[in-house]
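Numbering (full-length UniProt numbering), first residue to last: 1 to 536.
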């Protein structure tokens, strides 16, 4: 295994040298001593190939040759044209769904091995020429015996050993960095690599992707915003997935979208709404929304609907994460920098001993110049980067569980600005967040939360039985002590009854809050009586 890892490292170095990627260092504002040191690299003095290729092509070919982890990195960069030179961004677009395919014969062999039957017995038609090819899998068009048009997704052979070796090196670099640098420890590099390891291995299990797609389809059933293809479960296996074939325009084909009369403003705004719906309403979001996975329906271009495929990577948030993000974003919208600072401290992102005034001043310094621009010119991605840079001196810790969310938001913003450069992410998102926060505080939601909590405590009948047994149990001692004890158990019995009855009454009265007040009164009284001993 160690020998294979060393060979992989040498392979990476060989690709870097062959495509002259070290030349890209000279495009950066490096210190003079680092530039001088780079000239001392021995391979710079030997003739190399590919010198005639432009730098964007060299970057794309190098990432493509290095495999899925590097291709994924290129896919993320391709959506951030505001952060990348145009010539490199144009080349990286090719990594989204036009990675060179593998041999179709290998596809057929793997499909037959997974399904346990010849392709001709399963499909009425199977196209050996792939429809598209990406970093982890490729897809073929086919038709089931029952007549449905489908696509068959097949995992690339031989990926696991390469991924395992790349991850081993990433872990090594992360450990060395965390030992040598407090900045690296602040970024939790090892945790970030660990999260990415889980993500990339999850992508290799197509049954997991099928389950994710089914859940996402259910979340947006009959929605005008998003359509998710149907999964044909009887033909799904760990390395093979069969789903409904969709017909749409790739979201990057702006000419075709314009020809069919697509409302680009509405399309961009609906993309933002889909993202916030998935994150805050469902806590289940498609976390690989690069343009190669997104299409636009041709049915009603004036009311454009997205079509999402490739649900191999999804993310979710805890209620605490949702609440923190929503409150933070709303505070940003209102330029309430003190609240932003306090939220960072309360959530544990910065140490508890951090002075609120100092953190508030630092955040204001970052945000005010940005907010002085027209809203359409504000990049949330740029804001995140500058905030993270500023937060270094406050020992701000990057939360690994939010890495997927940050990546997805950057993808969405980059895509939205390609579709409609005037996209105002802030004003598009703000009404949705305000509505979500109002709904969270509605009586029906609060009642649902309370009922959920009641289900997690011992059953009320058990509590009642315990109270009655306590009252019936003989007690020895002074008469006053027995009277106090019986009074205590009687109050507990009454509290349990009020709690149970109040929950039932309030639940039956929803959604009319006027009719629910007796239930709420009983609930409050019951909780008070049950906790009276502790309160006293």
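Ideal Cβ placement from N, Cα and C applies to all residues, glycine included. If you're wondering where the values come from, they're calculated on a predicted model, not measured in any experiment.
Could you tell me the boundaries of the beta strand (DSSP E) in which residue i lies?
i: residue 308; result: 306–308
i: residue 215; result: No beta strand (DSSP E) contains residue 215, which is instead part of the alpha helix (DSSP H) from 206–219.
i: residue 125; result: 123–126
i: residue 250; result: 248–250
Can you check which of these residues, the options, is closest to residue i by C-alpha distance?
i: residue 111; options: 171, 94, 140, 95; result: 140
i: residue 307; options: 74, 226, 85; result: 226
i: residue 407; options: 199, 19, 332; result: 199
i: residue 296; options: 281, 325, 415, 202; result: 415
i: residue 348; options: 332, 361, 167, 321; result: 321
i: residue 102; options: 73, 92, 133, 125; result: 133
i: residue 304; options: 263, 245, 218, 9; result: 263
i: residue 614; options: 394, 252, 278; result: In the structure as shown, the chain begins at 1 and stops at 536. Residue 614 is therefore absent and cannot be evaluated.
i: residue 11; options: 55, 90, 119, 62; result: 62
i: residue 301; options: 249, 316, 292, 327; result: 249
i: residue 411; options: 425, 368, 289; result: 289
i: residue 161; options: 69, 95, 175; result: 69
i: residue 136; options: 338, 340, 206, 329; result: 206
i: residue 155; options: 312, 439, 429, 395; result: 312
i: residue 166; options: 188, 153, 194; result: 194
i: residue 277; options: 261, 293, 317, 240; result: 317
i: residue 56; options: 65, 75, 85; result: 85
i: residue 224; options: 192, 230, 270; result: 270
i: residue 192; options: 171, 343, 204, 117; result: 171
i: residue 356; options: 209, 107, 342, 14; result: 342
i: residue 431; options: 333, 352, 364, 405; result: 333
i: residue 138; options: 118, 204, 280; result: 204
i: residue 439; options: 326, 58, 176; result: 326
i: residue 395; options: 222, 177, 359; result: 359
i: residue 274; options: 109, 217, 119; result: 217
i: residue 65; options: 175, 113, 14, 367; result: 14
i: residue 294; options: 229, 331, 265; result: 229
i: residue 330; options: 433, 88, 370; result: 433
If you run the structure through DSSP and keep just helix, strand and coil, what is residue i?
i: residue 148; result: coil
i: residue 539; result: The structure shown has nothing for residue 539, since the chain only spans 1 to 536.
i: residue 437; result: helix
i: residue 356; result: helix
i: residue 156; result: coil
i: residue 316; result: coil
i: residue 243; result: strand
i: residue 86; result: helix
i: residue 140; result: strand
i: residue 135; result: coil
i: residue 130; result: coil
i: residue 227; result: strand
i: residue 417; result: helix
i: residue 7; result: helix
i: residue 364; result: helix
i: residue 237; result: strand
i: residue 423; result: coil
i: residue 369; result: helix
i: residue 20; result: coil
i: residue 460; result: Residue placement at residue 460 is flagged as unreliable, the pLDDT there being 49, under the threshold of 50; the coordinate-derived value follows with that caveat. Helix at residue 460.
i: residue 262; result: coil
i: residue 350; result: coil
Over what stretch of residues does the alpha helix (DSSP H) that includes residue i continue unbroken?
i: residue 281; result: Taken as a continuous stretch (DSSP letters only), residue 281 belongs to no alpha helix (DSSP H), as it is neither H nor E.
i: residue 56; result: 55–66
i: residue 294; result: Taken as a continuous stretch (DSSP letters only), residue 294 belongs to no alpha helix (DSSP H), being part of the beta strand (DSSP E) at 294–297.
i: residue 547; result: Absent from the structure is residue 547, since the part of the chain shown begins at 1 and ends at 536.
i: residue 192; result: 189–203
i: residue 257; result: 254–259
For residue i, which residues of its own chain have a beta-carbon under 7 Å away from its beta-carbon, when the five flanking residues on both sides are left out?
i: residue 127; result: 140, 141, 142
i: residue 314; result: 212, 284, 285, 286, 287
i: residue 215; result: 284
i: residue 9; result: 169
i: residue 338; result: 356, 360
Which residues in the same chain have their Cβ closer than 8 Å to the Cβ of residue i, if we skip the five residues on either side of it in sequence?
i: residue 247; result: 298
i: residue 232; result: 144, 148, 150, 242, 243, 244
i: residue 201; result: 163
Within its chain, find whatever has a CB closer than 6 Å to the CB of residue i; leave out the 5 residues flanking it on each side and keep chain order.
i: residue 256; result: 249
i: residue 461; result: Its pLDDT being 49, under 50, residue 461 is placed unreliably by the model, and nothing is read from it.
i: residue 344; result: 350
i: residue 428; result: 269, 272
Every unbroken alpha helix (DSSP H) within the segment 90–117, with a cutoff of 4 residues, ordered by chain: 104–115
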